[in-house]
Structures are given as structure tokens and as C-alpha cells.
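For reference, the structure is listed below as C-alpha cells.
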Amino acid sequence: MNFILTGFMGTGKTKTGQIIADKLKFQFIDTDSLVESKVKLSIGEIFENLGEKFFRELESEIIKDMSQKDRLVISCGGGAVLDFQNIKNLHKNGVIINLKATSETIFERLKDDNTRPLLKCQNPLEKIKELLSVRKLAYENCDLSFSTDFLTEAETAEIIIEKIKFLYLNLFESIK
Ligand code: S3P
13 MNFILTGFMG TGKTKTGQII ADKLKFQFID TDSLVESKVK LSIGEIFENL
63 GEKFFRELES EIIKDMSQKD RLVISCGGGA VLDFQNIKNL HKNGVIINLK
113 ATSETIFERL KDDNTRPLLK CQNPLEKIKE LLSVRKLAYE NCDLSFSTDF
163 LTEAETAEII IEKIKFLYLN LFESIK
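For what it's worth, our numbering labels the leading residue of the sequence shown as 13, then goes sequentially.
What follows is the structure in C-alpha cells.
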């Protein structure tokens with residue numbers, strides 16, 4: 013079984029996922045990093061030079077491959093669950109966990125970050141609100157959901173681990 017972290021940019025998927033993987037002794041995978049290392053370009057450069065469609069296709073390919081593996085914690089780029097085929101692939105062997113935050117929290121966390129091409133615009137807060145509203149259903153349809161507004165990544169990870177150990181006890185009998 014795999015545990016997949018999704019949710020909007022700035023919700024802490026990567027760091028939270030790393031902590032969870034570490035504690036559960038699962039392997040940690042970040043789909044954005046895999047895309048970057050395949051193309052040898054940053055996400056920003058891929059969007060700029062090769063386009064978002066190219067990025068999405070590569071992201072889907074990586075998700076398909078990863079879904080065939082086991083004992084992974086996968087941090088997915090925030091747009092991955094918009095593609096139903098990605099959700100289907102991830103669900104074959106995984107539980108999809110959505111990390112949430114308000115638009116204001118996300119804006120505060122990302123206001124000095126220039127690695128998110130979708131937020132490079134005149135009014136990033138408005139853009140965050142717009143994307144959150146378009147993506148609402150996709151994020152709400154995940155298996156589990158956690159708010160991260162007032163939590164550090166370590167605290168979020170702790171809460172998620174408790175919940176998944178409770179729900180998937182058999183899998184963790186060997187973990188103290
Ligand atoms: C995206 C989120 C980013 C990255 C790309 C597109 C999105 O990942 O995949 O910039 O569509 O929300 P993070 O959610 O890890 O920032």
C-alpha cells in the first residue's frame with residue numbers, strides 16, 4: 013500500500029510526506045522532483061519552455077509508474093488529482109490524503125517563492141482563490157483530509173500517522 017499526499021501548493025506535502033515516510037520506513041517520492049530530474053529542467057523552466065501540457069503528461073506517466081510500486085509515500089504536485097486517470101492509478105494501491113489550507117495561509121507561505129509558475133501573476137492571492145475554487149471538488153474527493161493552517165509539517169505528519177495507523181492497523185503491526 014502507498015500513501016499519497018495531495019493538496020494545493022504550499023500545504024506542506026513534500027516535507028510532511030518526508031516525515032511520514034521516515035517514520036513508517038516507507039520510501040519517499042516527490043513527483044515534481046522526478047519530473048525535474050527526467051527533463052533536467054526546473055518546473056518553472058518546463059512550464060516556460062515545454063508548456064504545461066508536456067508537464068502534465070510526464071507527471072501522469074510518473075504517477076502511473078509509481079502506482080505499481082508498494083510502500084511509498086508519494087507527494088504529488090498540487091494539480092495531479094485534477095486528472096481522473098491519475099486518481100484511478102493512485103487508488104489502485106493507495107490512500108489519497110489531502111492537505112488543506114486557506115487561501116490567505118497559502119499566500120503567506122508562498123509570497124516570496126518564485127518556483128510556482130501558476131502563481132507568477134499580477135495578483136497571486138486572487139489566483140490562489142480562483143484555482144482553489146476550481147479544484148475544490150477534486151481535493152474534497154480524496155480519502156482523508158487534514159487542515160494545516162495552524163500546524164507545522166511535523167505536527168501534521170504526526171496526526172496523519174496516528175490516523176493511518178488506526179485505519180490500517182494490520183499494515184503496521186510491525187511498527188512500534
Ligand atoms: C502545481 C503544483 C506544483 C507543481 C506545478 C503545478 C499545481 O507542485 O506541480 O507548479 O498545478 O498546483 P506543488 O503543489 O508541490 O507546489
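Here a beta-carbon is modelled for each residue, glycine too, at the ideal position from N, C-alpha and C.
- Residue range 96-104 is occupied by the alpha helix (DSSP H) that includes residue 101.
- Residue 121 has its CB no nearer than 7 Å to any heavy atom of the ligand S3P.
- When the alpha-carbon of residue 100 is set against those of 133, 174, 154, 122, the nearest one is in 154.
- Counting C-beta atoms within 10 angstroms of its own C-beta, residue 88 has 16 or more neighbours from the protein chains shown and is therefore classed as buried.
- Straight-line measurement puts the Cα of residue 112 at about 23 Å from the Cα of residue 46.
- Between the beta-carbon of residue 85 and that of residue 32 there is about 5 Å, and that keeps the pair under the 8 Å contact cut.
- As a beta-bridge residue in DSSP terms, residue 108 pairs with 16.
- Annotation for residue 139: 130, 131, 133 place their beta carbon closer than 8 Å to its own, counting only its chain and skipping 5 residues before and after.
- Shortest gap from the CB of residue 136 to any heavy atom of the ligand S3P: 7 Å or more.
- Three or more Cβ pairs closer than 8 Å define a contact, and the segment 115-128 falls short of that threshold against the segment 91-107.
- Distance between residue 65 and residue 57, taken at the CA atoms: about 13 Å.
- In the structure shown, the three-state DSSP call for residue 125 is coil.
- Taking a cut-off of 8 Å on C-beta distances, the segment 60-77 does not touch the segment 148-163, as fewer than three cross pairs fall below it.
- Beta-bridge partners of residue 85 (DSSP): 15, 40.
- Relative to the Cα of residue 26, the nearest Cα in the group 176, 164, 178 belongs to 164.
- The beta carbon of residue 162 sits closer than 6 Å to no other beta carbon from its chain once the five residues preceding and following it are set aside.
- Judged by DSSP secondary structure, residue 79 falls within the alpha helix (DSSP H) whose first and last residues are 64-79.
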